[in-house]
Amino acid sequence: MSIFEGTAVALVTPMHEDGAVDFKRLDELVEWHIAEGTDAIVACGTTGEASTLTNEEHIQVIEAVVKKAAGRLPVIAGTGVNDTNHAIELSTGAEAVGADALLVVTPYYNKASDTGLFLHYEKIAQSVDLPIILYSVASRTNLNITPEMVKKLATIPNIVGIKEASGDISQIAEICRIAPEGFTVYSGNDDQVLPLMVLGGKGCISTIANIAPRQTHALTQAILDGDYEKGRELQLAQLPLIHAIFCEVNPIPVKTGVGLLGKIDPNFRLPLSAAKSETIERVKKEMAAYGLEV
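Quick note on full-length UniProt numbering: the sequence shown kicks off at 1 and runs consecutively.
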């Protein structure tokens with residue numbers, strides 16, 4: 001059974017000007033996403049700037065989202081890092097504060113072998129009782145999860161899905177073909193939601209949902225309902241805005257967009273810095289063209 005079907009937002013982490021986590025704004029974002037129809041929330045992922053949070057902050061953010069969600073939708077905790085023991089620490093911490101599932105990115109920088117990659121995930125899976133979604137995004141980690149490795153990892157009982165962000169539609173198709181019954185494939189690229197779901201995926205873990213949650217839910221729901229023409233229309237309508245929110249490294253443009261909606265102050269922790277003026281103008285222009293109030 002899927003942890004969720006539809007749209008999970010890869011939630012931004014609101015911060016004060018001094019870089020401290022803004023928990024009041026975080027609570028407000030969770031409530032807004034529930035009202036807008038978001039199907040699940042991913043806390044402390046790439047878009048949530050997890051790599052610059054301390055261990056304590058990481059667990060505090062997950063706990064805050066869990067408490068505010070209060071069982072109204074699944075909360076998936078990002079706990080992947082390139083040190084297996086550290087990933088276990090974050091994973092068990094997320095489980096202790098009530099996360100419903102884990103999203104675990106491949107180890108990065110140290111270039112694990114296939115054996116090392118399998119053992120990394122196996123050790124993490126053995127440390128918790130929670131379901132785990134693999135996260136393959138070689139453009140950031142330099143480590144791809146091949147279809148063959150997906151099939152092997154899926155033999156671990158609590159590894160139940162993958163966020164597929166390779167951008168390689170041939171690889172995505174092969175994963176959908178060979179994935180065992182009950183293993184769920186999610187799109188990690190906002191511009192590939194339709195093709196991935198037509199191939200058998202059940203939804204997306206989305207960046208654009210930070211600024212267009214209702215519309216992104218409508219996209220995935222249309223495809224789940226088998227209305228592929230409506231899905232095509234909604235997917236194509238999002239493309240200019242998707243391109244805008246990736247015109248600088250994620251999450252700089254999309255967090256700026258959430259700021260333009262008045263939901264947060266778009267502050268970052270170094271080495272991420274404020275959006276360029278041309279980025280702000282482009283994001284604002286495309287948000288308005290898409291019908292968002294900025």
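Glycine included, every Cβ here is placed at the ideal spot set by N, Cα and C.
Source: prediction; values computed, not measured.
What is the rounded straight-line gap between the Cα of residue 57 and the Cα of residue 229? Along the sequence shown, read from residue 1 onward, the residue named residue 57 stands at position 57. Along the sequence shown, read from residue 1 onward, the residue named residue 229 stands at position 229. So the alpha carbons of these two residues sit roughly 43 Å apart.
Can residue 106 and residue 141 be called in contact, C-beta distance under 8 Å? As a working note, residue 106 is residue 106 in the sequence shown. As a working note, residue 141 is residue 141 in the sequence shown. Yes; because the gap between Cβ atoms is below 8 Å, this pair is in contact.
DSSP on residue 137, reduced to helix/strand/coil? By one-based count along the sequence shown, residue 137 stands at place 137. Three-state DSSP puts residue 137 in coil, outside helix and strand.
Please report the Cβ distance between residue 147 and residue 171, rounded to the nearest whole angstrom; I am assuming they are in contact, meaning their Cβ atoms lie under 8 Å. Within the sequence shown, numbered from 1, the residue matching residue 147 stands at position 147. Within the sequence shown, numbered from 1, the residue matching residue 171 stands at position 171. Between residue 171 and residue 147 the Cβ distance is about 6 Å, and since that is below 8 Å, they are a contact.
7 Å CB neighbourhood of residue 23 in its chain, flanking five on each side removed: Taking the sequence shown and counting its residues from 1, one reaches residue 23 at position 23. Closer than 7 Å at Cβ, skipping near neighbours: 64.
Reference residue 192; option with closest CA among 211, 231 and 25: Locating residue 192 in the sequence shown gives position 192, where the first residue counts as 1. For residue 192, the nearest C-alpha among the options comes from 231.
Output the distance between the C-alpha atoms of residue 280 and residue 256, rounded to the nearest integer angstrom. For the purposes of this step, residue 280 is taken as residue 280 along the sequence shown, with counting starting at 1. For the purposes of this step, residue 256 is taken as residue 256 along the sequence shown, with counting starting at 1. Distance between the alpha carbons of residue 280 and residue 256: 7 Å.
Which residue marks the beginning of the alpha helix (DSSP H) containing residue 226, and which one marks its end? Residue 226 sits at position 226 when you count from the first residue of the sequence shown. Here residue 226 belongs to no alpha helix (DSSP H), and DSSP marks it neither H nor E.
Cα separation between residue 159 and residue 93? Position 159 of the sequence shown, counting from 1, holds the residue named residue 159. Position 93 of the sequence shown, counting from 1, holds the residue named residue 93. Roughly 18 Å between the two C-alpha positions.
Please classify residue 111: does DSSP put it in a helix, a strand, or coil? Taking the sequence shown and counting its residues from 1, one reaches residue 111 at position 111. Residue state, collapsed to three classes: coil.
Check the C-beta distance from residue 15 over to residue 250 and give it rounded, since I have them as a contact under 8 Å. Residue 15 sits at position 15 when you count from the first residue of the sequence shown. Residue 250 sits at position 250 when you count from the first residue of the sequence shown. Contact flag wrong, Cβ pair sits at about 16 Å.
Let me make sure I understand the geometry here. Which of 252, 80 and 115 has the alpha-carbon closest to that of residue 59? The sequence position of residue 59 within the sequence shown is 59, counting from 1. If we check each option's Cα against that of residue 59, 80 comes out closest.
Which residue spans inside the stretch 24-109 form an unbroken alpha helix (DSSP H) run of at least 4? Along the length of the stretch 24-109, whole alpha helix (DSSP H) runs at least 4 residues long occupy 55-69 and 84-96, reported in chain order.
Test item: CB-CB of residue 61 and residue 38 under 8 Å: By one-based count along the sequence shown, residue 61 stands at place 61. By one-based count along the sequence shown, residue 38 stands at place 38. In this structure, residue 38 does not lie closer than 8 Å to residue 61 by Cβ.
Should residue 134 and residue 104 be called a contact, given that it needs their Cβ atoms to be closer than 8 Å? Position 134 of the sequence shown, counted from the start, is the residue given in the question as residue 134. Position 104 of the sequence shown, counted from the start, is the residue given in the question as residue 104. In this structure, residue 104 lies closer than 8 Å to residue 134 by Cβ.
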